[in-house]
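Numbering (my numbering), first residue to last: 281 to 519. Even for Gly, the Cβ is constructed at its ideal location relative to N, Cα and C. This structure is a prediction, so every number in the text was calculated from the model and none was measured. First the structure, in the form of structure tokens, and then the observations on it.
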């Protein structure tokens, strides 16, 4: 078999895997169990904090996971969020440029904007700057903070990776903490495995900073673009 024919065959396999991966990806069950939930809520005075892994709570090695924290009040008085820190496991890496905050503004009301956190890779913390976000039962003013993390390629399959947060609330004497939220590391599905294999042939892409993630993440985020990259790679390398 010629080199070009072999690449055509491999491309067909990858595309076939993509065609079926949607069914496989939706077949998973939530990672939450009695001891490793993918979401948790804590209440202190009139402040409620809910932290969760977006989606079904599961992620494959080399994939991306979105972590969401919602801070609200259950009644008066109004309060302000003065500080927010995410603490992530050793198998995670913060993806630059993914942190967002949805908060109430005097001009514009409740809206989402990108923020640039301080990241300490040694301490594995993401510190999101705050100008004092208002939380109030009047008008349902809440604060929602999201960030994405890239999972290491060698993350142990079947393990549960915990992520926690510390939140500074005005008029509280101590930080409010929430922990016990886990992402389950699952095996790659056929589409992700095919994408990883294609990366070895030069078909995958990664920016080295976690911006696009592994080839497995790339195919899930932009399947049409991934197929285009495969075809372009075949044409470029097979000529």
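For residue 376, no beta strand (DSSP E) segment is defined, and its DSSP state is neither H nor E. Here residue 400 is bridged, per DSSP, to 405.
Pairing residue 359 with residue 449 gives a Cβ-Cβ distance under 8 Å. Under the 10 Å beta carbon count, residue 397 is surrounded by 16 or more other beta carbons and is classified as buried. The Cβ atoms of residue 341 and residue 462 do not sit closer than 8 Å to each other.
Within the same chain, and ignoring the five residues on either side of residue 349 in sequence, the residues whose Cβ sits closer than 6 Å to its Cβ are 331, 425, 445. The beta carbon of residue 417 sits closer than 6 Å to those of 353, 355, all from its chain and outside the five residues before and after it, given in chain order.
The criterion of a C-beta distance shorter than 8 Å is satisfied by residue 399 and residue 406. Counting only residues of its own chain and dropping the five nearest sequence neighbours on each side, residue 432 has a CB closer than 6 Å to the CB of 371. Residue 358 sits in coil when the DSSP states are folded into three classes, being neither helix nor strand. CA-CA distance, residue 315 to residue 336, rounds to 16 Å. Listed in chain order, the alpha helix (DSSP H) elements of length 4 or more contained wholly in the segment 456-480 are 470-480. For residue 334, the CB contacts under 8 Å within the same chain, skipping 5 residues up- and downstream, are 345, 346, 347, 348, 426 in chain order. In the three-state reduction of the DSSP assignment, residue 389 falls in the strand class, which pools E and B. Counting the other CB atoms within 10 Å of its CB gives residue 351 a total of 16 or more, which places it among the buried residues. The residue from 338, 319, 364, 386 with its alpha-carbon nearest to that of residue 379 is 364. In the DSSP assignment, residue 429 falls within the unbroken beta strand (DSSP E) covering 423-431.
Per DSSP, reduced to three states, the secondary structure at residue 450 is coil, with no helix or strand assignment. Residues 410, 412, 448, 449, 450 of the same chain have their beta carbon placed closer than 8 Å to that of residue 362, with the five preceding and five following residues left out of the count. Judged by DSSP secondary structure, residue 326 falls outside any beta strand (DSSP E); it is assigned neither H nor E.
In this chain, the beta strand (DSSP E) harbouring residue 415 covers 413-415. Within the DSSP secondary-structure output, residue 440 pairs in a beta bridge with 464. Sequence-distant partners of residue 392 (beyond 5 residues in either direction) whose C-beta falls short of 6 Å from its own C-beta, in its chain, are 380, 382. C-alpha of residue 323 to C-alpha of residue 329: approximately 6 Å in a straight line.
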